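**Q** Residue numbers (our numbering), protein chains in the order written: chain B, -16 to 326; chain U, 79 to 426; chain R, 5 to 516; chain L, 0 to 309.
The beta-carbon is built from N, C-alpha and C at its ideal position, and this holds for glycine as well.
None of the values given here were measured: they were computed from a predicted structure.
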Amino acid sequence: MNVAVKSIQKILLTMLLALAIGALFILFIGENPLEAYGALLRGAFNGKLKIGTTLASFTPLLLTSCAFAVAAKAGAFNVGVEGEVFLGGITAAYIGINWTFLPAPVLMIVCFLGAMTVAALWALIPAVLKAYYRVSEVCVTILMNSVALYITSYLVSGPMSAGVANAQSLPVTVNLPQFMKPSSVNAGLFIALITVVFMIWVLNKTTFGYKVKTVGTNPSHAEYVGISPKKIFIQSMMLSGALGGMAGCIEVLGVHGYFLNNFAAGLGSNGMLASLIVKNNLIFAPFMSFFLAVLKSGAMGMQQSTGVPKSIVDTITAVFIIVATMELLFQFKDKKNKKEKSK
Amino acid sequence: AKEAGKTVEATAGTTAKAASENGDGKEKTGAGKRVCIVYSGNLGDKSYNDSCNEGAKEAAADYGVEIKNLEGTSAEEWEANFLSACEDGYDLVICSSSNFEEYMKEHCASYPNVKFAIIDTTVEGDNIVSISFAQNQGSFLAGAAAAMFTQKTDIEGVNPDKIIGWVGGMDIPVLHDFFTGYEQGAKYIDPDIKVLQSFAGTWNDPLKGKELTLAQFDQGADIVMNVASGTGPGILEGAKEAGKYAIGVDLNQDNDQPGSILTSMVKRVDTACYLAIQSVVEGTFKGNSTSYLTIKEEGVGLTDFSVMKEHLGDKFPEDIVEKVKELEEKIVSGEIVVENYTGFGANK
Amino acid sequence: MSEYVIEMKDIVKSFGNVHAVRNGQFTLKKGEIHSLIGENGAGKSTMMKLLYGMYPIDDGSIRIHGDHIPSISPKIAIEKGIGMVHQEFMLVNELTVLENIILGFEPRHGITIDFDKARKTVEQYINQYGMDIQLGKKINQISVGEAQRVEIIKTLTRGANVIILDEPTAVLTPQETKQLFVILQNLRKDGKSLVFISHKLNEVMEISDRISVMRQGNYIGSVSKEETSPAELAKMMIGREVFLNIEKTQTKPGEKVLEVKDVWVSGEKEISKIRGVSLDVRAGEIVGIAGIDGNGQSELIEAIAGLRQVEKGSVLLDGKELGGLSPKQIRKAGLSHIPEDRNTRGLNRSMSIKENLIAVQVGEAPFCKGVVRDDKETLEYAKQLSEVFDIRPRDPEISTQSLSGGNAQKVVVAREVSIGGKLLVASQPTRGVDIGAIESIRKILQEVKAKGMGVLLVSADLEEILSLSDRIVVMHEGRITGRLKAEDANEDNLGLLMMGGTASAEERGSTT
Amino acid sequence: MDLGKIFSVSLIYATFRSATPIIYAALCAAITQQADILNIGTEGIMLTGAFAAVAVSYLTGSWLLGVVVAMIAGLIMAMIMAVGHIRYKAEICAIGMGINLFALAITKFLLNSALGKSGTFSEPGIIAIPRVSLPFLAKVPFLKEIFDNWCITEWFVIVLIILVWFVFYKTVWGLRLRAVGQFPMAAQTAGINVNSMKYRAIAISGLIGGLAGAHLSLGYSKMFTENMTNARGFMGVAAMYFGGAHPILTAAGCLVFGLTDSIGARLQAYGVPSQLVLLMPYVVTIATLAVSMASKMAREKKKKSALAKA
Ligand SMILES: Nc1ncnc2c1ncn2[C@@H]1O[C@H](COP(=O)(O)OP(=O)(O)OP(=O)(O)O)[C@@H](O)[C@H]1O
Ligand SMILES: Nc1ncnc2c1ncn2[C@@H]1O[C@H](COP(=O)(O)OP(=O)(O)OP(=O)(O)O)[C@@H](O)[C@H]1O
Ligand SMILES: [Mg+2]
Ligand SMILES: [Mg+2]
């Protein structure tokens, strides 16, 4: 059977199953599942604000899922995307606030470059430890996320504090234009989309992509044909970091307009989730990110407009995700095919 | 730089208690009014957010207004919830914490028909009322009480060291406003008192709070003030477990670990919330007004020590209660000026 | 009771679109050694894996001792007395030899392992068959030959009376093969039935009672040893005559392309550390390194290729010092390298033939424009190489995952000899490859030499060393124990040197 | 700064106390890791256990029952993961993260609906895991101070570390488990059912994860709070990597973290910016790991060197 039809079928059946399990929960607390699901859809898509909100939460996920996948292609399990988002964000904020001697368009570009550079350097640490000392990058990146959080938290409640009730920085002087107001979706969406398309192109069409794939699938072979696994591993971790940093920069310049303490909580892990569900396939990852963004804003919508408590909404979201991870419907099809063949 | 001499609303003088007395016997004038409260966290922290929710519930009971609570744990959710509340035609949107400050500045003007209230900070706007608290004053009393208590060596668990503790949640400016008052209060009683300060770095890890509290006890403190929202229950439990003492915050937490909590520094978030709803129901809502609830307005203060009194019996040091009363008066009269952390205070 | 211990009838097995076995027939009599031969990818391993229950069969029937077994798993197979020594050793590196042997059948002491009892049982078998095995070592510390014996002991301790050996000799030296054959003969004497898979027809002729031939998943026929000859078997296997003894082309050696001067290299094991080795290779000659596997040959090759650090001494390629150069720079300097392990080093099994063929030229013209890869050029080039080197199937787009051993090896060889370097290092170039492929790979090595490349050949197969090399050096425990001209070498004197025996003073290499 | 007050005897217990939940979590992760399964779901399993323990202890008044039910709850969560991963081919880390989200939501939901509370549940009716002092230690002056009044689950974690070590390296099951993790094909050819081993590993991991949760809510504290694990499960995974899934090295990693954490808790009082103190345990753990790996590599390199005297 056609692969595309098959995957669509899989997705639809997965959704149905998840919806059915979710419905049980909703019935259990005595609400109407249809109404709740209606609210979920409305929450994600009804009107400019909701669509905008969905797109706004889609934007960073696009980049963080891509960041995770890029590292995974080289064989790294980069849990540290979240920390990279934080550091990218704080750098963008620092530059955006202080380097006002630059003309706005240049400043904007410098913000991006700075954010990506700092985040890439941050990712360099676990990469080097792994490549040269075989220190597990999973361990180091989990720990480094907390470090990144505390560093940024220190900066915005200390040296970079805006002096208001919250731990946040002064506003940046350049902003990515927002559209679909009042939601905070902004030009970052397009930057992210273009970046992801570019990354797909890089990994599939360029020499670098070939090298990454080689290192990720067989480092020993890579070394033998003259591709340095260490170098490529480090480069893709840094690339991954840069993508995370870019997400942070977009959040600061596009969404908040300043650095807000702990703003990236969950952005890294959700991106990682999106990427993992599709087994780090860069082409599917954006769709999964979108699905997660829809779930997220739909869940908020459900809370906003029905009596379904947030815990139920979150439970249903989790069930959706668990079901989505399973490839069972694929398997089901394969088995059936085989049976038909052997007959 | 804000202009000085801003009006401190007199209406704030009414406390929630007084207000609810007024409310009694009234018909539900607020029926049909819809109020949305957006939280920067979840309900159930037994502290700040719950206090706010309590005020809302009281108002709902008194006026029959419809309340919608929107919880959110990330900045993204806060903004989305806030905007959704703006759009969904509520009469009043209450932003429960300073986390909403920027969103209000950005969006409130676009919704001239919606009334907004923000608690714990000040935002200007024709359709906004702001209510904040002199947490430094309340903390001053708590610090004074703690400083006296730590020297009552006849009470079990109290050591002769002149050391008291303070554990906060996240290290953010508003918490430093608490600490400033707390330290000042302690030193006022005895300049030799040493105040230990720790931050858990999180609002919702009671175990971390407990660990920090136990560490402060190890270092000689015997009473620790909790300013940590969801991290707080751990602080209180730590006191109980170590056989030492704690001071609660926001809500009256004296009964959470009875016998281990000297008093609670109550911050009447419930009053603030109640007042905001009341003003909308009664039509007294006046945009661009700021209320700064101090001891005078009973916006902050200590609980009446009754739980502790019951627990300690004869050993209960009555002088603390008296001293606290005295200090209260001195603060109200202006004899004692409690310092603020930069960026806080009535004229902020 | 049937006369056969094993009967496999009308077996069919496919993996996706690959029809590994179309019409498989196999029978095994009690107490016989039955060889199964065929080209790479003929389906030999698959047949035996099916018997061992590693995958379910699509169709056909399997009888063991006359009983029809409807569905079989390794556990059932083991219970029925079947043991299998797999082509790739099924040994867990991080565990000790003893732990590997008892895995799955551990003698117990409550919930703990009764290591004493285990050791006793295993030692009993070791003594019975006179094998040399150190039970306490970890797998990554023992030689391939020893690992092979561990695998055999493993089947014996589990009470196997049918033992399948899938290409057991591919990695062994002649001496080790001889030892193995003694063991196999002993096993047969004890009434065990053996299945022997090999690509070496002389071995097959030496050891078997009966021989079955497969081709492209089909059963071709069975013959008894007395009634056949290597030539006939080869013909049955590939349908034509094969000539393995290639006429050596005589060329005049030119300049030194490789000089290894007193090189010291770290090793995985004590005996594989290279301690002061010197040798050189001239353009237009083949220098063979003979030696028992694991005596430092791999380390030496890796050091030359820049994959392992040279701790002392120097390596010059075409006069250029290689010390401190990266593998890529060394390749640029003129190195071609056929590695001993095609599966992890030589190929990237998750990529296509096409991609593997240009693996060392990624990022070089004409396979890319700027940073972008040029798919068209790559495909053109790959098609051409597939044609020249007879890589089957002929479609360069398919994954190397499903290639048979011989064709996989041809991909490596094709890539390495087509980049036109100055020196070709060929490590075990025909290991585990069928005779058709052996023939063509050996021919290619001769051609390469004729074109003026220097070739450094490492092989555990003495016959290969003798038939290809112009000069031979022998390695033992990381040192060179002898240097011989091809004319002076024979299996006997080489074998002696390989075991560490001393050669006469003139033959011995000086280290400076 | 008063060093005596920081490095006091109580620091030892504090270190151990704050490391214990992470040790439990790390053991939970180590068991599946030996079968080559990365248990990212540790966090969720633990959280479920924490909730179940408190709920059952409160409702029945028995801490033991609470612990048992917590372990069963952990088991259930783990089995969802196992079936999803083995039977339905879910990416193990993806479904693990799904489990974490699910645990977070479902415990909150049950807290609201079954116990009628939100946020924190800390009723006096919760019966905590008892604390005991070992009588023979009570006589030794220095040890007495350290080992005074430990929670049963704190004692037990020591037993568990040794037990897990024993199971991994001394038992039949452990041998098979490691074989499955290191070379599944070899295990299969040895007649071992690889999938059933994986199921069992995940199941046991679930039991330990549940116990980890029970310790958190009934031993370390006496309450349940939403998300009370607060990334301790992830820390456990990190510690498991720190020790290469070896129970003793893993526990050592946890103790390094616990020690710096406890020193930090004492240092904060001296006006060091809180964030800098809070990030210290993470940095120290990374540094320790990096140094130990680097020296291990140096040793290996020396061992392999041809220049070394044999
Ligand atoms: N697990 C598998 N998945 C896909 N294809 C397979 C698998 N196992 C074997 N094949 C394919 O089946 C065919 C037969 O393989 P098999 O291993 O039986 O050959 P063989 O006769 O043992 O060859 P060799 O002499 O190289 O060992 C080959 O084309 C091989 O690529
Ligand atoms: N599980 C599998 N999935 C896909 N392909 C497989 C699988 N197992 C084996 N193959 C492929 O089938 C082929 C035959 O397998 P086999 O183990 O007999 O190796 P081979 O062809 O004899 O190669 P070699 O002689 O180099 O070991 C190999 O090319 C191998 O890559
Ligand atoms: Mg084979
Ligand atoms: Mg083969």
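Going by C-alpha distance, which of 211/B, 70/B, 124/B, 167/B is nearest residue 180/U?
**A** Counting from one through the second sequence, the residue named residue 180/U turns up at place 102. Out of 211/B, 70/B, 124/B, 167/B, 167/B has the C-alpha closest to the C-alpha of residue 180/U.
**Q** Just to confirm my understanding: we take residue 319/R, look at its own chain, exclude 5 residues before and 5 after, and list those with CB closer than 8 Å. What are they?
**A** Here residue 319/R corresponds to residue number 315 of the third sequence, with the count starting at 1. Hits under 8 Å: 262, 263, 264, 265, 267, 307, 308, 325, 326, 327.
**Q** Taking a cut of 8 Å between CB atoms, which residues from the region 293 to 306 of chain L lie near chain R?
**A** The region 293 to 306 of chain L vs chain R, Cβ under 8 Å: 300, 303, 304, 305, 306.
**Q** Considering only C-alpha positions, which residue in the set 302/U, 145/U, 110/U is nearest to residue 117/U?
**A** One-based indexing of the second sequence puts residue 117/U at position 39. With distances taken between Cα atoms, residue 117/U lies closest to 145/U.
**Q** Any chance you could list the alpha helix (DSSP H) runs of at least 4 consecutive residues sitting entirely within the region 55 to 81 of chain R, in chain order?
**A** The qualifying runs do not exist here; there are none.
**Q** Given this structure, state the Cα-to-Cα distance separating residue 119/R from residue 203/L, to the nearest angstrom.
**A** If you number the third sequence from 1, residue 119/R lands on position 115. If you number the fourth sequence from 1, residue 203/L lands on position 204. Going from the Cα of residue 119/R to the Cα of residue 203/L covers about 25 Å.
**Q** Across which residues does DSSP place residue 245/L in a beta bridge pair?
**A** By 1-based counting over the fourth sequence, the position of residue 245/L is 246. Residue 245/L pairs with nothing; no bridge assigned.
**Q** Quick test of your reading: residue 452/R and residue 462/R, contact by CB under 8 Å. State the CB separation rounded to the nearest angstrom.
**A** As a position in the third sequence, residue 452/R is number 448, starting the count at 1. As a position in the third sequence, residue 462/R is number 458, starting the count at 1. Contact doesn't hold; Cβ gap of about 15 Å is too wide.
**Q** Kindly list the residues whose CB is nearer than 8 Å to the CB of residue 96/L, restricted to its own chain and excluding five residues on each side of it in sequence; keep chain order.
**A** Taking the first residue of the fourth sequence as 1, we reach residue 96/L at position 97. The answer, listed in chain order, is 39, 40.
**Q** Can you tell me which of the three DSSP states residue 202/U falls into?
**A** Within the second sequence, residue 202/U is the residue found at index 124, counting from 1. Note: residue 202/U maps to coil in three-state DSSP.
**Q** Output, in chain order, the set of chain B residues within a Cβ distance shorter than 9 Å of residue 83/L.
**A** For the purposes of this step, residue 83/L is identified with residue 84 of the fourth sequence, where counting begins at 1. Within 9 Å Cβ-Cβ: 305, 306, 308, 309, 311.
**Q** Just the Cα atoms here: how many angstroms apart are residue 60/B and residue 229/L?
**A** Residue numbering aside, residue 60/B sits at position 77 when the first sequence is read from its first letter. Residue numbering aside, residue 229/L sits at position 230 when the fourth sequence is read from its first letter. Between residue 60/B and residue 229/L, the C-alpha separation is close to 21 Å.
**Q** Could you tell me the alpha carbon to alpha carbon distance between residue 116/B and residue 46/B, rounded to whole angstroms?
**A** Your numbering for residue 116/B matches position 133 in the first sequence. Your numbering for residue 46/B matches position 63 in the first sequence. The alpha-carbon atoms of residue 116/B and residue 46/B are separated by roughly 29 Å.
**Q** Since residue 348/U is in the beta strand (DSSP E), which residue starts that stretch and which ends it?
**A** As a first step, residue 348/U is located in the second sequence; it is residue number 270 there, counting from the start. First-last for residue 348/U: 347 to 360, but that is the alpha helix (DSSP H), not the beta strand (DSSP E).
**Q** Helix, strand or coil for residue 165/R? Go by DSSP, reduced to three states.
**A** Within the third sequence, the letter at position 161 stands for residue 165/R. In the structure shown, residue 165/R sits in coil (DSSP, three-state: anything other than H, G, I, E or B).
**Q** Taking a cut of 9 Å between CB atoms, which residues from the region 88 to 105 of chain R lie near chain L?
**A** 88, 90, 92, 93, 94, 95, 96, 97, 98, 99, 103, 104
**Q** For residue 119/R, does the three-state DSSP call read helix, strand or coil?
**A** The count along the third sequence starts at 1 and reaches residue 119/R at position 115. Three-state DSSP puts residue 119/R in a helix.
**Q** Starting from the C-beta of residue 441/R, find all residues in its chain whose C-beta is less than 6 Å away, skip the five residues before and the five after it, and write them out in chain order.
**A** Within the third sequence, the letter at position 437 stands for residue 441/R. Taken in chain order, the residues that qualify are 410.
**Q** Between residue 438/R and ligand 1, is the CB less than 7 Å from at least one heavy atom?
**A** Here residue 438/R corresponds to residue number 434 of the third sequence, with the count starting at 1. It does: the Cβ of residue 438/R is within 7 Å (strictly closer) of some heavy atom of ligand 1.
**Q** Inspect the beta-carbon positions of residue 170/U and residue 410/U and report whether they are closer than 8 Å.
**A** As a first step, residue 170/U is located in the second sequence; it is residue number 92 there, counting from the start. As a first step, residue 410/U is located in the second sequence; it is residue number 332 there, counting from the start. No, the pair does not count as a contact, with Cβ atoms beyond the cut-off.
**Q** With 8 Å as the threshold, decide whether the Cβ of residue 42/L is near any Cβ in chain B.
**A** Within the fourth sequence, the letter at position 43 stands for residue 42/L. Chain B, which has no Cβ nearer than 8 Å to the Cβ of residue 42/L, makes this no.
**Q** By the criterion of Cβ-Cβ separation under 9 Å, what are the contact partners of residue 297/U in chain L?
**A** Position 219 of the second sequence, counting from 1, holds the residue named residue 297/U. For the C-beta of residue 297/U, the chain L residues within less than 9 Å are, from N- to C-terminus, 1, 4, 5, 7, 265, 268.
**Q** Give me the Cα-Cα distance between residue 277/L and residue 247/U, rounded to the nearest whole angstrom.
**A** Taking the fourth sequence and counting its residues from 1, one reaches residue 277/L at position 278. Taking the second sequence and counting its residues from 1, one reaches residue 247/U at position 169. Their backbone Cα atoms lie some 12 Å apart in a straight line.
**Q** In chain R, which residues lie less than 8 Å from residue 204/B when you measure between Cβ atoms?
**A** Start at 1 with the first residue of the first sequence, and residue 204/B comes out as number 221. Neighbourhood of residue 204/B in chain R, by CB distance below 8 Å: 348, 349, 350, 351, 352, 363, in chain order.
**Q** To the nearest angstrom, report how far apart residue 166/L and residue 68/L are at their CA atoms.
**A** Residue 166/L sits at position 167 when you count from the first residue of the fourth sequence. Residue 68/L sits at position 69 when you count from the first residue of the fourth sequence. In a straight line, the C-alpha of residue 166/L is about 24 Å away from that of residue 68/L.
**Q** Taking Cβ positions only, does residue 64/B come closer than 8 Å to chain L?
**A** Mapped onto the first sequence, residue 64/B falls at position 81. Not closer than 8 Å to any Cβ of chain L, the Cβ of residue 64/B fails to qualify, so no.
**Q** Anything with a beta carbon under 5 Å from a heavy atom of ligand 1 counts; list them all in chain order.
**A** 19/R, 22/R, 24/R, 44/R, 45/R, 46/R, 47/R, 48/R, 49/R, 50/R, 406/R, 408/R, 409/R
**Q** Spell out a yes or no on whether the region 217 to 237 of chain U and the region 268 to 278 of chain U are touching, meaning 3 or more CB-CB pairs, one atom from each, closer than 8 Å.
**A** These segments touch.
**Q** Under the DSSP definition of a beta bridge, which residues are partnered with residue 38/R?
**A** Residue numbering aside, residue 38/R sits at position 34 when the third sequence is read from its first letter. For residue 38/R, which the question treats as bridged, DSSP gives the partners 199/R, 214/R.
**Q** Counting pairs of beta carbons, one from the region 184 to 199 of chain B and one from the region 31 to 51 of chain B, are three or more of them closer than 8 Å?
**A** no
**Q** Go ahead and label residue 244/R buried or exposed: buried means 16 or more other beta carbons lie within 10 angstroms of its beta carbon, across all protein chains shown.
**A** For this step, residue 244/R is matched to residue 240 along the third sequence. Using a 10 angstroms sphere on the CB of residue 244/R, the tally of other CB atoms stays under 16, which defines it as exposed.
**Q** Report buried or exposed for residue 518/R, applying the criterion of at least 16 other Cβ atoms within 10 angstroms of its Cβ.
**A** Because chain R is modelled from 5 through 516, residue 518/R falls outside the range shown and cannot be assessed.
**Q** Which one of 293/B, 305/B, 175/B has the shortest CA to CA distance from residue 42/B?
**A** Looking up residue 42/B in the first sequence gives position 59. Ranking the options by Cα distance to residue 42/B, first place goes to 175/B.
**Q** Would you verify that the beta carbon of residue 95/U is, or is not, closer than 8 Å to some beta carbon of chain B?
**A** As a first step, residue 95/U is located in the second sequence; it is residue number 17 there, counting from the start. Only weak support exists for where residue 95/U lies, its pLDDT of 44 falling under 50; the coordinates are left without a value.
**Q** Given a limit of 7 Å on CB to CB distance, which residues of the region 223 to 235 of chain L reach chain R?
**A** none
**Q** Chain A beta carbons: is any one of them nearer than 8 Å to that of residue 171/L?
**A** Looking at the structure shown, chain A is missing, and the protein chains on hand are B, U, R and L.
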